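If you read the sequences in order, they're chains S and B. For the first sequence, the positions run 303 to 437 when our numbering is used. For the second sequence, the positions run 42 to 171 when our numbering is used. C-beta atoms are modelled at their ideal positions from N, C-alpha and C, and glycine is treated no differently. Fair warning: this is a prediction, and the values are worked out from it, not measured in the lab. What follows is a short report on a single structure.
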Amino acid sequence: MDLDRALAVSAAGMRAQALRLRVVAENLANRDSTGQTPGADPYRRRTVTFAERLDRALGARTVQVVRVGTDPRDFPLRFDPGHPAADARGYVRLPNVDSLVEMMDMQEAQRSYSANLGVLETTRGMLARTIEALR
Amino acid sequence: MDSLRADPIALAEARLRWLERRQQVLARNVAHADTPGFVPADVEPFARHLARAGGKVMLAATSPRHIRPDPSIVAARPDRRQAEASPNGNAVSLEEQAIRIAETDTAHALATALRRRFLDMLRTALGRPV
Numbered sequence: 303m304d305l306d307r308a309l310a311v312s313a314a315g316m317r318a319q320a321l322r323l324r325v326v327a328e329n330l331a332n333r334d335s336t337g338q339t340p341g342a343d344p345y346r347r348r349t350v351t352f353a354e355r356l357d358r359a360l361g362a363r364t365v366q367v368v369r370v371g372t373d374p375r376d377f378p379l380r381f382d383p384g385h386p387a388a389d390a391r392g393y394v395r396l397p398n399v400d401s402l403v404e405m406m407d408m409q410e411a412q413r414s415y416s417a418n419l420g421v422l423e424t425t426r427g428m429l430a431r432t433i434e435a436l437r
Numbered sequence: 042m043d044s045l046r047a048d049p050i051a052l053a054e055a056r057l058r059w060l061e062r063r064q065q066v067l068a069r070n071v072a073h074a075d076t077p078g079f080v081p082a083d084v085e086p087f088a089r090h091l092a093r094a095g096g097k098v099m100l101a102a103t104s105p106r107h108i109r110p111d112p113s114i115v116a117a118r119p120d121r122r123q124a125e126a127s128p129n130g131n132a133v134s135l136e137e138q139a140i141r142i143a144e145t146d147t148a149h150a151l152a153t154a155l156r157r158r159f160l161d162m163l164r165t166a167l168g169r170p171v
């Protein structure tokens, strides 16, 4: 039934946005995770990519996170010779996480999540009315 | 299928089927609000769908193995006259989708209410308590 599919599509959208939120949380949590040894790589920011997916069992096209990739941007450098991860010149490579970007990403994920939730509630109302029509 | 126009219950059912399909298409649009390159879709208008489903023009089937299109299937097409796309090619406007979902919801409430009223009338005519 189409309404069941609509429910499943909205649920898939919420799941995808929740995964995105989790990745944002990981990025923010690792904002200061530098390497342990001299010259070691710090935490690299992770990104999510959404794509369409055909759910054959359901017979509908839903959304899913196809790839959790990494951000290829360069690591910012900080001069801190006393740091355990400092290289020979005394520079420490910091994670390429920009908290402002992560905040915006979080806002967008939350907005999309609520939109999916709104659709879910509307669909549920329609389903309830359809069942009511059977009485 | 001219009976569709004369019979309010059949009409309400066709309308409900169309609305359910539309809700699914709109749910898909909202789920893809952040998918790069996604173009939202919408179903054909109900009047056109009804005209097609009740139309006389149909593919000729001269053999039982010929496949003919099912006129009750509601077609969904990409909706390109939408707002501008974001840099990643995504053209979903959540506000626009919200309006359409609200429309669908209201129309669904109306169709179920009309169907119920009509059934009540039939029950009254049969002399049973509503």
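Q: Using a Cβ-Cβ cut-off of less than 8 Å, list which residues of the region 125-136 of chain B approach chain S; keep chain order.
A: Of all residues in the region 125-136 of chain B, L135 have a Cβ within less than 8 Å of some Cβ in chain S.
Q) What residues from chain B crowd round S:E410, counting only those whose CB sits closer than 8 Å? A) For S:E410, the neighbours in chain B by C-beta distance under 8 Å run, in chain order, D75.
Q: Check the Cβ-Cβ distances between S:L323 and every residue of chain B, and say whether any is below 8 Å.
A: The beta carbon of S:L323 sits no closer than 8 Å to any beta carbon of chain B.
(Q) So the candidates are S:N329, S:V311, S:L321 and S:L402; which of them puts its Cα closest to the Cα of B:V71? (A) Nearest option by C-alpha distance: S:V311.
Q: Report the residue from S:A318, S:D376, S:A331 and S:D382 whose alpha carbon sits nearest the alpha carbon of S:F352.
A: Minimum Cα distance to S:F352 is reached at S:A318.
**Q.** Continuous beta strand (DSSP E) assignments of at least 3 residues falling wholly in the region 322-390 of chain S
**A.** Entirely contained in the region 322-390 of chain S, the beta strand (DSSP E) runs reaching 3 residues are, in chain order, 348-357, 362-372 and 379-381.
Q: Given a cut-off of 8 Å, decide if S:L305 and B:E61 are closer than it, judged by their beta-carbon atoms.
A: For the pair B:E61 and S:L305, the CB atoms are nearer than the 8 Å cut-off.
Q | Amino acids of chain B, ordered along the chain, whose beta-carbon sits closer than 8 Å to that of S:L305 | A | What S:L305 touches in chain B: E61, Q64 and Q65.
Q) Taking DSSP as the reference, what is the three-state secondary structure of B:V84? A) Three-state result, B:V84: strand.
Q. Near B:T76, what residues of its chain come up, given a Cβ to Cβ distance below 7 Å and the 5 sequence neighbours on each side ignored?
A. Only residues of its own chain outside the window of five on either side were considered, and among them N131 have a CB closer than 7 Å to the CB of B:T76, listed in chain order.
Q) Within this structure, are the beta carbons of B:Q65 and S:A308 separated by less than 8 Å? A) Contact: yes.
Q: With a threshold of 16 other CB atoms inside 10 Å of the CB of S:G427, please say whether the residue is buried or exposed.
A: Exposed, by the Cβ-count rule.
Q | Nearest candidate by alpha-carbon position, reference S:A331, set S:N418, S:R346 and S:A417 | A | Comparing Cα-Cα distances from S:A331 to each of S:N418, S:R346 and S:A417, the minimum goes to S:R346.
Q: With 7 Å as the limit, tell me which residues of the region 143-156 of chain B have their beta carbon closer than that to any beta carbon of chain S; keep them in chain order.
A: Cβ contacts with chain S: D146, H149, A150, T153 and R156.
Q | Cβ-based burial, S:N418 [other Cβ within 10 Å; buried from 16] | A | Counting C-beta atoms within 10 angstroms of its own C-beta, S:N418 has 16 or more neighbours from the protein chains shown and is therefore classed as buried.
Q | Chain-ordered neighbours of S:A353 on chain B, where CB pairs are closer than 7 Å | A | By Cβ distance, chain B contributes T76.
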